[in-house]
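Structure first, then comments.
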Amino acid sequence: MDTATIPAGAARFLQPEGHVIDGGVVPPAGGATLPVEDPATGEIFARIPAGDAADIDRAVKAARASFTAGTWSRADPAHRGRVLWAFARAIRDEAEALAWLETRDSGKPIAEARADIAGTGEILEYYAGLASQLFGQTTRVPGNNFATVIREPAGVVGQITPWNFPLYVGAWKFAPALCCGCSVVLKPSELTSLTMLAAAELALAAGVPPGVFNVVCGTGADAGAPLSTHPDVDVLAFTGGVVTGRKVLHARADLLRPTQLELGGKSPNIVFDDADLERASAGAAFGIFYNQGENCNAGSRLLVQAGIHDRFVARLVERARAIRVLPPLDERSQMGALISAAHARKVAEYVEVGIAEGATRLCGGPPPPEGHFARGHWYLPTVLAEVEAKHRVFQEEIFGPVVTVTKFTSDDEAIALANATEFGLAAGAWTSSVQRALRCSQELQSGYVWINNYNPTPVEVPFGGVKSSGFGRDCGPQAVETYTTWKTVLWALAPFDDWYKQ
1 MDTATIPAGA ARFLQPEGHV IDGGVVPPAG GATLPVEDPA TGEIFARIPA GDAADIDRAV
61 KAARASFTAG TWSRADPAHR GRVLWAFARA IRDEAEALAW LETRDSGKPI AEARADIAGT
121 GEILEYYAGL ASQLFGQTTR VPGNNFATVI REPAGVVGQI TPWNFPLYVG AWKFAPALCC
181 GCSVVLKPSE LTSLTMLAAA ELALAAGVPP GVFNVVCGTG ADAGAPLSTH PDVDVLAFTG
241 GVVTGRKVLH ARADLLRPTQ LELGGKSPNI VFDDADLERA SAGAAFGIFY NQGENCNAGS
301 RLLVQAGIHD RFVARLVERA RAIRVLPPLD ERSQMGALIS AAHARKVAEY VEVGIAEGAT
361 RLCGGPPPPE GHFARGHWYL PTVLAEVEAK HRVFQEEIFG PVVTVTKFTS DDEAIALANA
421 TEFGLAAGAW TSSVQRALRC SQELQSGYVW INNYNPTPVE VPFGGVKSSG FGRDCGPQAV
481 ETYTTWKTVL WALAPFDDWY KQ
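Per the UniProt record's numbering, the sequence shown starts with residue 1, numbered consecutively.
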């Protein structure tokens, strides 16, 4: 497949004429558009609407009207489930078109984009099944009373989603919100908006009522900030960087409104001396280089026990050098291009900082500007050895195909190093010892721990972090806590006793 070959179905999503608001395609209030760049070539191949506060306000008003009308919020939960199932089917029916759009928009290999789209269908199907399982409680309470505790949809939900997994992580947000009966205003990243606009149209065709799922494009400053500060947004869910997350939280604090944050990570991946080295080296490579390392839970800090360090690192370097960094639409591609020129510069600058601090680059770096590397934003799989905990590349999120390697001698040291950053999103441990694995699962300060594995995030279990990596959870039944509230109704089972009886 190449950029000139547009799959059937993709063309209708390629040139969006506006936001999706209240069941229609709405041109941006200001009339402006933003360019859509192919990271692999630098080509501007589409344009999206540039939203602003007026567009956000229009979408929030539509969401509020739909929520109040009750066509979705008070619908039979089984009906919501059937509609979400139809939405999933629509995504699957357009899978190849959506994967092509995702690859051109984000620079990821087509095989990974296909996995993202398939995963989006799975997420919708999971929450379709959960829609009729959101049970409340009943209980007898003192005073000859009876109580029902009802789970209700939270209301109008604002969602701001990232550019690295545009539709897949977006579905982590919108699927549970729709499952619960909320009305959604979602702002995708301005770098990767095409598939989310397409999904909003597919949702309408599947039976999601107008005003229930609205998508407004635009920059963080012009559209994201107005969504974060809008007083009629009951809940806001954000996935992105720590700096922006803090701004979002400050804005929501002023409104006294609930917020769910999934922020950055600097995730440790520990390899003990009793690990299966082939399996662990394969997992370490996949943990950092998947999606070009543009992954919030990437295993970017590799901690390797001294006795196996040299052998393990040599094998990891072999694997890194063997990764096929090719044009993303090439079926053979195993790693694509970075999202933008600015981001590629940031990744390269971090590597230079690491070398200046004392690290050794064993492989990778910027490729020579030849062949397909002559255009676009590329960086090769990179391994930095001899990294210390005090180094910036150990402490700060790079968000690219760069892994640091730090040697440790004892289990205590490994866990101390793993916990020695402000982040706590994910972690991994490779060992044949049940005792070591159990200790890691208990003592690693992260919301997600892989044992002899790395990167899978099945929708059935919650995902989220601790420390500066945020709070609240995506995925699993736990995600519905963000999008529901509890109401207690107390019923008198006997005549009311007059407190002021004379």
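Think of the CB as a built atom: it goes at the ideal place given N, C-alpha and C, for glycine as much as any other residue.
* Asked: Among residues of its own chain, excluding the 5 on either side of residue 193, which ones have a beta-carbon nearer than 7 Å to its beta-carbon?
  -> 48, 217
* Would you list, in sequence order, the uninterrupted alpha helix (DSSP H) runs of no fewer than 4 residues that lie entirely inside the stretch 304 to 340? => 309 to 322
* To do: Below 8 Å on the Cβ atoms is my guess for residue 83 versus residue 215; work out the distance and round it to an integer in Å.
  => Contact flag wrong, Cβ pair sits at about 17 Å.
* Asked: Who are the near neighbours of residue 508 in its chain, counting only those whose CB is closer than 7 Å to its CB and skipping five residues on each side?
  -> Examination of residue 508 is not possible in this model, given that the chain is present from 1 through 502 alone.
* **Given 8 Å, three or more beta-carbon pairs between the stretch 121 to 133 and the stretch 221 to 241** => no
* To do: In angstroms with no decimal places, state the Cα-to-Cα distance between residue 186 and residue 161.
  => 8 Å
* **Contact set for residue 440: own chain, Cβ-Cβ below 6 Å, skip 5 residues either direction** => 429
* Between residue 511 and residue 462, which are expected to be in contact by the criterion C-beta below 8 Å, what is the C-beta distance as a whole number of angstroms? -> It is not possible to answer for residue 511, since the shown part of the chain is limited to 1 through 502.
* Asked: Over what stretch of residues does the beta strand (DSSP E) that includes residue 187 continue unbroken?
  -> 183 to 187
* Does the stretch 144 to 162 come close enough to the stretch 229 to 247 to have 3 or more Cβ pairs within less than 8 Å? -> yes
* CB-CB under 6 Å to residue 307, same chain, minus the five flanking residues each way: which ones, in chain order? -> 273
* Is the CB-CB distance between residue 404 and residue 319 below 8 Å? -> no
* On the three-pair Cβ rule with 8 Å, is the stretch 38 to 58 touching the stretch 165 to 179? -> no
* Bridge partner(s) assigned by DSSP for residue 262 -> 239, 470
* Determine the burial state of residue 574: buried for a count of at least 16 other Cβ atoms within 10 Å of its Cβ, exposed for fewer. => Any question about residue 574 goes unanswered here, given that the chain covers just 1 to 502.
* To do: Go through its chain and collect everything with a Cβ distance to residue 397's Cβ below 6 Å, but skip five positions before and after it.
  => 264, 266
* Exposed or buried, residue 432, counting other C-beta atoms within 10 Å across all chains shown (16 or more means buried)? -> exposed
* To do: Could you tell me whether the stretch 104 to 116 touches the stretch 319 to 334, using the rule of 3 or more Cβ pairs below 8 Å?
  => yes
* Asked: Does the Cβ of residue 291 have 16 or more other Cβ atoms within 10 Å, making it buried, or fewer, making it exposed?
  -> buried
* To do: Starting from the Cα of residue 177, find the closest Cα among 449, 478, 487 and give me that residue.
  => 478
* Asked: How should residue 305 be labelled, buried or exposed, when 16 other C-beta atoms within 10 angstroms of its C-beta is the threshold for buried?
  -> buried
* Asked: Applying the criterion that 16 or more other CB atoms from any shown protein chain within 10 Å of the CB defines a buried residue, is residue 145 buried or exposed?
  -> exposed
* What separation, rounded to the nearest whole angstrom, lies between the Cα atoms of residue 87 and residue 179? -> 12 Å
* Using only alpha-carbon positions, find the residue among 370, 138, 96 that is nearest to residue 121. => 96
* Asked: Excluding sequence positions up to five away, which residues of its chain have a Cβ less than 6 Å from the Cβ of residue 373?
  -> 367
* Okay, do the stretch 321 to 329 and the stretch 14 to 29 touch, 3+ Cβ pairs below 8 Å being the bar? -> no
* Residue from 419, 203, 488 whose Cα sits closest to the Cα of residue 269 -> 419
* Asked: Going by C-alpha distance, which of 493, 494, 487 is nearest residue 149?
  -> 487
* To do: Enumerate in chain order the residues of its own chain whose CB-to-CB distance from residue 92 is below 7 Å, with the five nearest sequence positions on each side excluded.
  => 121
* Asked: Is residue 299 helix, strand or coil when you go by DSSP?
  -> coil
* Backbone CA spacing between residue 195 and residue 339 [nearest angstrom] -> 16 Å
* Can you name the residues that DSSP bridges to residue 152? -> 485
* Asked: residue 23: which of 36, 33, 288, 59 sits nearest, CA to CA?
  -> 59
* Report back the beta-carbon spacing between residue 376 and residue 42 to the nearest angstrom; my notes put them in contact at under 8 Å. => 5 Å
* **Chain-order list of residues whose beta-carbon lies under 8 Å from that of residue 471 (same chain, five-residue window excluded)** => 260, 261, 464, 465
* Asked: With a Cβ-Cβ cutoff of 8 Å, do residue 359 and residue 391 count as a contact?
  -> yes
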